[in-house]
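The structure appears right after this line, and notes come after that.
2 protein chains.
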Amino acid sequence: MPRAGLTPVTVVREAAVLADEVGHDRLTLAALAGRLGVALPSLYKHVRGVDALHQKLAVLATAEIADVLTSAAAGRAGGDALRAVAVAYRGYAHRHPGRYPATQRAPDPTDPEHLAAAERAVGAIVAILRGYGVQGDAAVDATRMFRATVHGFVTLEAAGGFGLPRDVDRSFDRMIDGLDVAYRGWGSR
Amino acid sequence: MPRAGLTPVTVVREAAVLADEVGHDRLTLAALAGRLGVALPSLYKHVRGVDALHQKLAVLATAEIADVLTSAAAGRAGGDALRAVAVAYRGYAHRHPGRYPATQRAPDPTDPEHLAAAERAVGAIVAILRGYGVQGDAAVDATRMFRATVHGFVTLEAAGGFGLPRDVDRSFDRMIDGLDVAYRGWGSR
DNA sequence: GGTCGAAGCTAATAGGCTTAGCTTAATGGC
DNA sequence: GCCATTAAGCTAAGCCTATTAGCTTCGACC
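So the protein lines, in turn, are chains A and B.
The opening residue of the first sequence carries number 19 in the working numbering; numbering runs sequentially from there.
The opening residue of the second sequence carries number 19 in the working numbering; numbering runs sequentially from there.
Structure representation (structure tokens):
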């Protein structure tokens, strides 16, 4: 019997695919092992356990969304950049419904790669805010508002929280308009 | 041996207390049974299973938060009401970290009580928006923004997503200011 | 070609949910 | 006050997931 040839990297990559298919909370070692063609305990040669798997998935997903946000911001400024990044963020959440929740795991302070990825994602937002003249402590507040707003929207959306027939894309659009207005007035308060 | 005297209502109530203590995801039938002084399978006389328990908890929590929001809005209008309701919402999430996630479960369309509670919670927000002159389809969009913003903030906060030392209360304050600005400009776009 | 580390396995334990089927406490009618 | 009925509670058993221990064997490298 030839070996499956797994590595920690291939395992977590497959975990990401599986999570997107079945949902973040149903990412199970049993299902993952089955898909990789090995017995469940074999996974422990590559991952320390289910929590470590989620941790690694968080790093992967955070790095991915950081890339997405960064390239959406490239070459744009102001409200243009704001909208592009917000749309890209939501797009990632839609394309990767299982990975997305992993991006919200608090970065492991002992993992430089995780910290760097989180830093990069936040950096894309901070860069936009500079275009609005928002900096320093105010930028921290404004970044938190961006994250809260967009994260809140996509999670409510994913949870089926928007029951009414009113078009969800349009609501998102209006919300970004509102965010733009808020940021333009950010200094003058 | 006397009986424990449980009912569906007492079971769900204890589940709510337990969830607040150990976290929504660690609300387990085993722990609940232990705390109620019965064997685990006995719970099935009162609840259909773990999913039904979460469902009932959702109804309870949604009704509670609807009450909190409604009374926060009472006797206030405009930015005053907006801030009071937002603060009350966040306060509920802080006081009831285990119940709060249950409020985000999509209402069961077959459960009138659940629907009514959700309706009541949304109603408190819609009432505020009337004070800003926002109505109709625009009110749907604006309500979604309110929920996204505040829900996003409290979940990021609970997940430890705000790493920087900058005061979180102040960030929340600024965010509500931003929301106020957005709503004041809502019509003129 | 032999050696050795790591990749994979089976077996066993522990905890969680669920169903089946039994026992018995409480309640309501006579 | 006694008995019948209902439902509250129990034990036992089965399934799934995670984890650990200890064994086997592939395959890379000298």
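C-beta: ideal position from N, C-alpha, C; glycine also.
Exercise. Closest by CA to A:P183, which one among B:L45, B:D195 and B:D155?
Worked result: Walking along the first sequence from the start, residue 183 of chain A turns up at place 165. Of B:L45, B:D195 and B:D155, the residue nearest in Cα terms is B:D155.
Exercise. A:Y110: buried (16+ other C-beta within 10 angstroms of its C-beta) or exposed?
Worked result: Your numbering for residue 110 of chain A matches position 92 in the first sequence. Classification for A:Y110: buried.
Problem set entry | Nonlocal neighbours in the same chain, by C-beta distance under 6 Å from B:G67, ignoring five residues either side | The residue labelled residue 67 of chain B in the question sits at position 49 within the second sequence. Correct list: empty, nothing qualifies.
Exercise. Is A:A124 close to chain B, meaning its C-beta is less than 9 Å from at least one C-beta of that chain?
Worked result: Along the first sequence, one-based indexing puts residue 124 of chain A at 106. Yes, A:A124 counts as interfacial toward chain B.
Exercise. Hey, does A:V199 have any beta-carbon neighbour from chain B nearer than 9 Å?
Worked result: Position 181 of the first sequence holds residue 199 of chain A. Interface residue, yes.
For this session: Specify the secondary structure class of A:D195 as computed by DSSP and reduced to three states.
Result: Looking up residue 195 of chain A in the first sequence gives position 177. Residue state, collapsed to three classes: helix.
Problem set entry | Endpoints, alpha helix (DSSP H) assigned at A:D85 | As a first step, residue 85 of chain A must be located in the first sequence, where it is residue number 67. Where A:D85 is concerned, the enclosing alpha helix (DSSP H) stretches over V68 to A91.
For this session: Could you tell me if B:Y118 is buried or exposed, where buried requires 16 or more neighbouring beta carbons within 10 angstroms of its beta carbon?
Result: Position 100 of the second sequence holds residue 118 of chain B. By the 10 Å Cβ count, B:Y118 comes out buried.
Exercise. Helix or strand or just coil, what does DSSP make of B:G203?
Worked result: One-based indexing of the second sequence puts residue 203 of chain B at position 185. Of the three classes helix, strand and coil, the one that applies to B:G203 here is coil, per DSSP.
Exercise. From B:L45, B:D185, B:A142 and B:G181, pick the residue whose C-alpha is nearest to that of B:F164; which is it?
Worked result: Sequence index remark: in the second sequence, residue 164 of chain B carries index 146 (1-based). Taking only the C-alpha atoms, the option nearest B:F164 is B:A142.
Exercise. What are the start and end residues of the alpha helix (DSSP H) that includes A:Y110?
Worked result: By 1-based counting over the first sequence, the position of residue 110 of chain A is 92. That run of the alpha helix (DSSP H) goes G96 to R113.
Exercise. Using DSSP with H/G/I as helix, E/B as strand and the rest coil, what is A:R123?
Worked result: As a working mapping, residue 123 of chain A is identified with position 105 in the first sequence. Correct three-state label for A:R123: coil.
Problem set entry | Boundaries (first-last residue) of the alpha helix (DSSP H) holding B:D155 | In the second sequence, residue 155 of chain B corresponds to position 137, counting from 1. Its alpha helix (DSSP H) spans residues D155 to A176.
For this session: For B:D43, count neighbouring Cβ atoms within 10 angstroms of its own Cβ and tell me buried if that reaches 16, exposed if not.
Result: Here residue 43 of chain B is taken as the residue at index 25 of the second sequence, counted from 1. Label assigned to B:D43: exposed.
For this session: Answer yes if the stretch 55-62 of chain B comes into contact with the stretch 77-96 of chain B, meaning at least three C-beta pairs across the two stretches below 8 Å, and no otherwise.
Result: no
Exercise. What number of angstroms, rounded off, separates the C-alpha of B:E133 from the C-alpha of B:E82?
Worked result: Within the second sequence, numbered from 1, the residue matching residue 133 of chain B stands at position 115. Within the second sequence, numbered from 1, the residue matching residue 82 of chain B stands at position 64. Checking the sequence shown, residue 133 of chain B turns out to be Leu, not Glu. So the alpha carbons of these two residues sit roughly 13 Å apart.
Exercise. Using a C-beta cutoff of 9 Å, does B:D159 count as contacting chain A?
Worked result: By one-based count along the second sequence, residue 159 of chain B stands at place 141. It does; some Cβ of chain A falls within 9 Å.
For this session: Pull up the distance between the alpha-carbon of A:G203 and that of B:A200, whole angstroms please.
Result: Indexing the first sequence from 1 puts residue 203 of chain A at position 185. Indexing the second sequence from 1 puts residue 200 of chain B at position 182. Whole-angstrom Cα-Cα distance: 9 Å.
Problem set entry | Sequence-distant residues of its chain with Cβ nearer than 7 Å to B:G181 (five each side left out) | Taking the first residue of the second sequence as position 1, residue 181 of chain B is located at position 163. Answer for B:G181: no residue qualifies.
Exercise. Roughly how far, in whole angstroms, is the beta-carbon of B:L87 from the beta-carbon of B:V30, given that I think they are within contact range, below 8 Å?
Worked result: Within the second sequence, numbered from 1, the residue matching residue 87 of chain B stands at position 69. Within the second sequence, numbered from 1, the residue matching residue 30 of chain B stands at position 12. About 21 Å separates the two Cβ atoms, so there is no contact after all.
Problem set entry | DSSP state of B:D129 mapped onto helix, strand, coil | Taking the second sequence and counting its residues from 1, the one referred to as residue 129 of chain B is at position 111. Three-state result, B:D129: coil.
Exercise. When you check each C-beta in the stretch 131-161 of chain B against every C-beta of chain A, which residues fall closer than 7 Å?
Worked result: D155, V158 and D159
Exercise. Got a sec? Which residues, its chain only, sit under 6 Å from A:R123 by beta carbon, not counting five neighbours each side?
Worked result: As a position in the first sequence, residue 123 of chain A is number 105, starting the count at 1. Excluding positions up to five away in sequence, the list reads A76.
Exercise. Under a CB-based cut-off of 9 Å, is B:D69 close to chain A?
Worked result: As a working mapping, residue 69 of chain B is identified with position 51 in the second sequence. No, because no Cβ of chain A sits closer than 9 Å to the Cβ of B:D69.
Exercise. In chain order, what residues of the same chain have a beta carbon less than 6 Å from the beta carbon of B:H114, not counting five sequence neighbours either side?
Worked result: Within the second sequence, residue 114 of chain B is the residue found at index 96, counting from 1. Excluding sequence neighbours, B:H114 sits near D38.
For this session: Closer than 7 Å by C-beta to B:E32: which residues in its own chain qualify, once you throw out the five before and the five after it? Chain order, please.
Result: By 1-based counting over the second sequence, the position of residue 32 of chain B is 14. The answer, listed in chain order, is L50, R53 and L54.
For this session: Leaving out five residues on either side along the sequence, give the residues of the same chain with a beta carbon under 7 Å from the beta carbon of A:A106.
Result: For the purposes of this step, residue 106 of chain A is identified with residue 88 of the first sequence, where counting begins at 1. Excluding positions up to five away in sequence, the list reads V86, L87 and A90.
For this session: Compare the C-beta of B:L75 with all C-beta atoms of chain A and state if any pair is closer than 9 Å.
Result: Position 57 of the second sequence holds residue 75 of chain B. So no, B:L75 is outside the interface.
Exercise. Ordered along the chain, which non-local residues of its own chain (more than five positions away) have a Cβ less than 7 Å from that of A:M193?
Worked result: Here the question's residue 193 of chain A lines up with position 175 in the first sequence. T167 and F171, listed in sequence order.
Exercise. Would a check of beta-carbon distances place A:T80 closer than 9 Å to chain B?
Worked result: As a working mapping, residue 80 of chain A is identified with position 62 in the first sequence. Taking Cβ atoms only, chain B never reaches closer than 9 Å to A:T80, which makes this a no.
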